[in-house]
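**Student:** Once you've had a glance at the structure underneath, I'll fire off some questions.
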Amino acid sequence: MPGPLSGILVVALEQAVAAPYCSCKLAEAGARVIKVERPEGDFARGYDHAVMGESTYFVWLNRGKESIALNVKDDADRALLERIVSKADVFLQNLGPGAAERLGFGAEDLTARYPNLITCSISGYGEEGPYAAMRAYDLLVQAESGLASVTGRPEGPGRVGVSVVDVGTGMYAYQAILEALIERGRTGRGKAISLSLFAAMADWMTVPFLQCRYGGKAPERVGLAHPSIAPYGAFASQEGKWIVISIQNEREWMRLCEQVLQRPDLLKDPAYAGNAQRVANRSALDALIAEHFACYGLEELAAALEAAQVAFGRVSEVPDLLRHPALREVIVETPGGSAAMPAPPASFDGRLRQPGPVPALDEQGEALRREFSL
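Sequential numbering of the sequence shown, starting at 1, is according to full-length UniProt numbering.
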């Protein structure tokens, strides 16, 4: 069935993760996405070769797109790109600082030529200011934004284990483009959207930001625990496997004490009389829970927590995710063969959308050159 963005043409002069994530979502919603690659290809094609010879990142982010390889510094290829863009509804780019402008595909130039075009430019730190020319990659922005300072164990900062900066920025770009398409439906005019990796993570860091600005103290790194709620953290079972529990209110605290820990006396202890007191006495409380949990197997603990209606989660390894009961998968065709991967999160009327195939480099190049020839 045609998706809600059927009939929308997206031209993506993109690389790496942030912009490809956004355009992948547009493709899943039914838009036609033409991915413009360098003659040697998006460098994400070479990150690894784990998926039957293809890059894991590229397979994940480029489903359902058409690929054309262009040397945008060449006059003929640049003219072809101009013809394609002239027919587009959305132009998305995340080139290096100032590169799109130097090629004549900056937002200001494009919106002047095509008033109904929606442009979306993704940068590292914004298009103005002292950081505008600074290169930005996921881990660098995790560090600069302060995200790394609240991630990890007390011994030192840590990296979020997936490309959270790129994915978060791609999500914001997708959201902004959808908003612009809705507005264009009313006004007939496009929009010039700009956003940065840093701004995306600054938004995600709002709670630590407010705690520091108005509370006078930034949250500490607490590993698999919560800096402002207790008990909320990971505890080892008898066989050394980990389980996380989360107590959000006094009812749950009561059920944990009475039904799981079998320590109703803790409910009368002033050291644990409310969340603030439990946070202040976290070390003693965590030691008490850890001692109890170490006497039981993981599944025994899970059964007890479930019976007591206490929120919990097993600390899974990646192999556990592959066989997780809640996992939904789709099959995606790649140049190397069929690959199973997690399904897009949203279902519509109970149905999952089936992503399109992953293109080989310049797979649609010849057809696109004919389609957009003079």
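By construction, the Cβ of each residue, glycine as well, lies at the ideal position given by its N, Cα and C atoms.
Near Ile245, what residues of its chain come up, given a Cβ to Cβ distance below 8 angstroms and the 5 sequence neighbours on each side ignored?
**Tutor:** In the sequence shown, residue 245 corresponds to position 245, counting from 1. Closer than 8 angstroms at the Cβ level, and outside the excluded window around Ile245, lie Pro231, Tyr232, Gly233, Phe235, Leu256, Ile289, Leu305, Val310, Ala311, Phe312.
**Student:** Would Pro355 and Arg45 qualify as a contact pair, given that the criterion is a beta-carbon distance under 8 angstroms?
**Tutor:** Here the question's residue 355 lines up with position 355 in the sequence shown. Here the question's residue 45 lines up with position 45 in the sequence shown. Contact: no.
**Student:** Please classify Phe293 as buried or exposed, where buried requires at least 16 other C-beta atoms within 10 Å of its C-beta.
**Tutor:** Translated into the one-based positions of the sequence shown, residue 293 becomes position 293. Buried, by the Cβ-count rule.
**Student:** Identify the continuous alpha helix (DSSP H) that holds Ile243 and give its terminal residues.
**Tutor:** On the sequence shown, residue 243 is found 243 positions in, with the first residue counted as 1. From DSSP, Ile243 is part of no alpha helix (DSSP H) but of the beta strand (DSSP E) over 242-246.
**Student:** Let me know the secondary structure DSSP gives Tyr232 once reduced to three states.
**Tutor:** Counting from one through the sequence shown, the residue named residue 232 turns up at place 232. Tyr232 falls in the strand class under three-state DSSP.
**Student:** Could you tell me which whole beta strand (DSSP E) segments of length 3 or greater appear in the segment 90-165?
**Tutor:** Qualifying beta strand (DSSP E) stretches, in chain order: 90-93, 118-123.
**Student:** Kindly give me the distance between the Cβ atoms of residue 409 and Glu28, rounded to whole angstroms, as I take these residues to be in contact under 8 angstroms.
**Tutor:** No statement about residue 409 is possible, as the shown extent of the chain runs from 1 to 374 and does not include it.
**Student:** Relative to the C-alpha of Ala99, which candidate in Ser121, Pro208, Arg83, Thr111 has its C-alpha closest?
**Tutor:** Looking up residue 99 in the sequence shown gives position 99. Closest option to Ala99, Cα to Cα, is Ser121.
**Student:** Using only the alpha-carbon positions, how far apart do Pro4 and Gly30 sit?
**Tutor:** For the purposes of this step, residue 4 is taken as residue 4 along the sequence shown, with counting starting at 1. For the purposes of this step, residue 30 is taken as residue 30 along the sequence shown, with counting starting at 1. Near 6 angstroms, if we compare the C-alpha coordinates of Gly30 and Pro4.
**Student:** Tell me, please, which residues DSSP counts as bridged to Ser67.
**Tutor:** Looking up residue 67 in the sequence shown gives position 67. Lys35, per the DSSP bridge assignment.
**Student:** Less than 8 angstroms between the C-beta atoms of Arg153 and Arg221, yes or no?
**Tutor:** On the sequence shown, residue 153 is found 153 positions in, with the first residue counted as 1. On the sequence shown, residue 221 is found 221 positions in, with the first residue counted as 1. Yes; because the gap between Cβ atoms is below 8 angstroms, this pair is in contact.
**Student:** Work out the CA separation of Asp77 and Gly104 for me, nearest whole Å.
**Tutor:** For this step, residue 104 is matched to residue 104 along the sequence shown. For this step, residue 77 is matched to residue 77 along the sequence shown. So the two alpha carbons sit approximately 13 angstroms from each other.
**Student:** Within 10 angstroms of the Cβ of Ser373, are there 16 or more other Cβ atoms? Answer buried if so, exposed if not.
**Tutor:** Position 373 of the sequence shown, counting from 1, holds the residue named residue 373. That one is exposed.
**Student:** Measure from the alpha carbon of Leu13 to the alpha carbon of each residue in His226, Ala346, Phe348, Leu95, then state which is nearest.
**Tutor:** Reading the sequence shown from its first residue, position 13 is the one you call residue 13. Considering only alpha carbons, the answer is Leu95.
**Student:** Have a look at the DSSP bridge pairing and note the partners of Ser196.
**Tutor:** For the purposes of this step, residue 196 is taken as residue 196 along the sequence shown, with counting starting at 1. Ser123.
**Student:** If we call anything under 8 angstroms between Cβ atoms a contact, is Leu197 one with Ala136?
**Tutor:** Here residue 197 corresponds to residue number 197 of the sequence shown, with the count starting at 1. Here residue 136 corresponds to residue number 136 of the sequence shown, with the count starting at 1. Going by C-beta atoms, Leu197 is nearer than 8 angstroms to Ala136.
**Student:** Name, in chain order, the residues that DSSP records as bridge partners for Pro342.
**Tutor:** Indexing the sequence shown from 1 puts residue 342 at position 342. Pro342 is bridged to Glu329.
**Student:** Within the continuous alpha helix (DSSP H) that includes Ala307, where are the two ends?
**Tutor:** Here the question's residue 307 lines up with position 307 in the sequence shown. Start and end: 298-307.
**Student:** So what does Val51 bridge to, in DSSP terms?
**Tutor:** Counted from its first residue, the sequence shown places residue 51 at position 51. In the DSSP output, where bridge partners are listed per residue, Val51 has Glu54.
**Student:** Taking the beta strand (DSSP E) that Gly215 belongs to, which residues open and close that run?
**Tutor:** Position 215 of the sequence shown, counted from the first residue, corresponds to residue 215. Looking at the DSSP string, Gly215 is not in any beta strand (DSSP E); the run it does join, the alpha helix (DSSP H), is 206-215.
**Student:** Comparing C-alpha positions only, which one of Asp203, Ala280, Ile182, Leu298 sits nearest to Gln238?
**Tutor:** Here residue 238 refers to the residue found at position 238 when the sequence shown is read from its first residue. The residue with the shortest Cα to Cα distance from Gln238 is Leu298.
**Student:** Going by the beta-carbon positions, is the gap between Gly146 and Met205 smaller than 8 angstroms?
**Tutor:** As a position in the sequence shown, residue 146 is number 146, starting the count at 1. As a position in the sequence shown, residue 205 is number 205, starting the count at 1. Going by C-beta atoms, Gly146 is nearer than 8 angstroms to Met205.
**Student:** Can you tell me whether DSSP reads Phe348 as helix, strand or coil?
**Tutor:** Position 348 of the sequence shown holds residue 348. In the structure shown, Phe348 sits in a strand (DSSP, three-state: E or B).
**Student:** Using the three-state DSSP reduction, which class does Gly168 fall into: helix, strand or coil?
**Tutor:** Residue numbering aside, residue 168 sits at position 168 when the sequence shown is read from its first letter. Looking at Gly168 - three-state DSSP - the assignment turns out to be helix.
**Student:** Give me the Cα-Cα distance between Ala339 and Ala199, rounded to the nearest whole angstrom.
**Tutor:** The residue given as residue 339 occupies position 339 in the sequence shown. The residue given as residue 199 occupies position 199 in the sequence shown. Cα to Cα, the separation comes out at about 34 angstroms.
**Student:** Where does Phe372 sit, in a helix, a strand or coil, going by DSSP?
**Tutor:** Looking up residue 372 in the sequence shown gives position 372. Correct three-state label for Phe372: coil.
**Student:** Name the DSSP bridge partner or partners of Thr334?
**Tutor:** For the purposes of this step, residue 334 is identified with residue 334 of the sequence shown, where counting begins at 1. Answer is Gly337.
**Student:** If we count the other Cβ atoms within 10 Å of its Cβ and call it buried at 16 or more, is Ala79 buried or exposed?
**Tutor:** Looking up residue 79 in the sequence shown gives position 79. Exposed: under 16 other Cβ atoms inside 10 Å.
**Student:** Taking its Cβ as the centre, do 16 or more other Cβ atoms sit within 10 Å of Tyr214, making it buried, or is it exposed?
**Tutor:** Reading the sequence shown from its first residue, position 214 is the one you call residue 214. With fewer than 16 other Cβ atoms within 10 Å, it is exposed.
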